[in-house]
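Structure first, then comments.
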Amino acid sequence: AQQTITTALSSGHPLSGERVLRIPRQPNIINVQNLKSVLNIGTWNVQSMFQAGKTNNVINEMKRLQISILGCSEVRWRGNGQCTVDDHTIFYAGVDSNQHPNGVAVIVNKKVATKVSGHLPISDRVILVQINATPFKLNVIQAYAPTSSSSEEDLETFYSDLDKAIQHTSSNEMTVVLGDFNAKLGNCADGKLIGKFGLGDRNERGEILAQFCKQHDFSVMNTFFDLPLRRLYTWKAPGDSPRNIIRNQIDYILINKRFQNAVTFAKTYPGADIRSDHNLLLANLRIRLKKLRKRETAPRMKTEKLQVEHVKETIKRELNAKLAMIQTVDDGVENKWEGVKKVLMEINKNELLNDTRNKKHNWMTDEILDMMEERRKFKNKDSTRYKQIHKEIGRKVKGANETSMTL
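In the UniProt record's numbering, the protein residues as written are 1 to 407.
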């Protein structure tokens, strides 16, 4: 007699036992709620870190609020690269021009910096930083969209750059896209990707952002939490006042939907202060960092220094003097060769050794940092006193910066 099959052979097969074409399932929602390790990750339109003292101000706020990863818009630094400031590593992307508009950056604290496996500057509006974490790699994409006055072509280029960044990630990895999108999603829920706790009404740029989220299956996390209005708005218009409130939600934190429950909250911090009309937007992210094995690398030389005349002359004098001393010693060919190698290595170390990272000269003083903290206390409370302290900070910053130039 033919055996009756009462259970399926495997997931996706019918009870009859017949082989059928399996339909791909939607990616499962990953449960990371058991992870106890939590990172604070945020985004902020800093309105230029080209200003003296602004970078230190940003990092000071990162320390105060215990932010591990901060994406920055409108950085306005020239070119692409990375540097360290006050134990924080900054990965940045910009245009190498006199005006150096736009610019984006991702700043990570010392703990996260050791876990960074790579970074990719896509354009002066998009940068990707990849971080080794467990059980999934973490991709952080910082974005800065063109303003409403920009052309449609500029907007298309921006979203094309975002697509390029996402192409360097995998669906099995946790990907967070954050930044100033200059778009209003509004307070109407849109499927399972956009919550009902946004702010205001959706505009045309918001529709484009919503389509982007649907295309890549990203959830907009700061639309899912029922919060007071002051914890929702990310930008204050120039004409905003207590009698004429003009505030919008245009900065967002996105995460691929399957990792949505990794975010426990997302809200703004209007009390954080770096002298910007944007508020800091911060999320709590459940993820565990993974230790990277350090690779031994040979020292890098600044060979371009050989083109500088006084450096060339210095090396020539040192080389001639030390080689002359070796020649006067009757110590055998092998020992002389060892001596020559030692001389070359010393000259390389003293004159041509290149640091693997460019460390920004830190002239910031504790007095200025204390004044910045004092200014923060008057933000949104006493605009007159706030402006007075800000002017004094400007004078102190200029003096400290000029003094460091003469040292």
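For every residue, glycine included, the Cβ atom is placed at its ideal position computed from N, Cα and C.
- In this structure, the alpha-carbon of Ala93 lies about 6 Å from that of Ala105.
- Annotation for Lys377: the continuous alpha helix (DSSP H) segment containing it runs 366–377.
- Looking at the DSSP output, Thr43 sits in a beta bridge with Gly71, Leu281.
- For the pair Ser241 and Ile389, the Cα-to-Cα distance works out to about 20 Å.
- Per DSSP, the continuous beta strand (DSSP E) segment holding Asn256 begins and ends at 251–256.
- Here the alpha carbon of Ala324 sits roughly 42 Å from the alpha carbon of Gly81.
- For Asp190, the pairing in a beta bridge is given by DSSP as Ile194.
- Taking C-beta atoms as the reference points, Gly42 and Leu254 fail to come closer than 8 Å.
- By the 16-neighbour rule on beta-carbons within 10 angstroms, Pro121 is buried.
- Across the structure, Met364 and Val397 are spaced so that their CA atoms are roughly 8 Å apart.
- Gly81: member of the beta strand (DSSP E) spanning 81–85, first to last residue.
- The C-beta distance from Val46 to Cys83 rounds to 15 Å, too long to meet the 8 Å contact threshold.
- Considering only Ser68, Val108, Glu61, Lys63, the residue with the shortest C-alpha distance to Ala283 is Ser68.
- Within a 10 Å sphere around the beta-carbon of Ala133 sit 16 or more other beta-carbons, which makes this residue buried.
- Proximity to Phe265 across Asn203, Asp226, Thr175 peaks at Asp226, based on C-alpha coordinates.
- By the Cβ criterion, the stretch 167–178 is not in contact with the stretch 200–211, since fewer than three pairs of Cβ atoms, one from each stretch, lie closer than 8 Å.
- Shown here, Asn109 sits in coil according to DSSP, grouped into three states, outside any helix or strand.
- In this structure, the CA atom of Ala183 is about 14 Å from the CA atom of Lys236.
- Taking C-alpha positions only, Ser219 is separated from Glu373 by approximately 34 Å.
- Per the coordinates, the alpha-carbon of Ala272 lies some 20 Å from the alpha-carbon of Phe181.
- Of the residues Asn256, Val140, His168, the one whose Cα lies closest to the Cα of Ile194 is Asn256.
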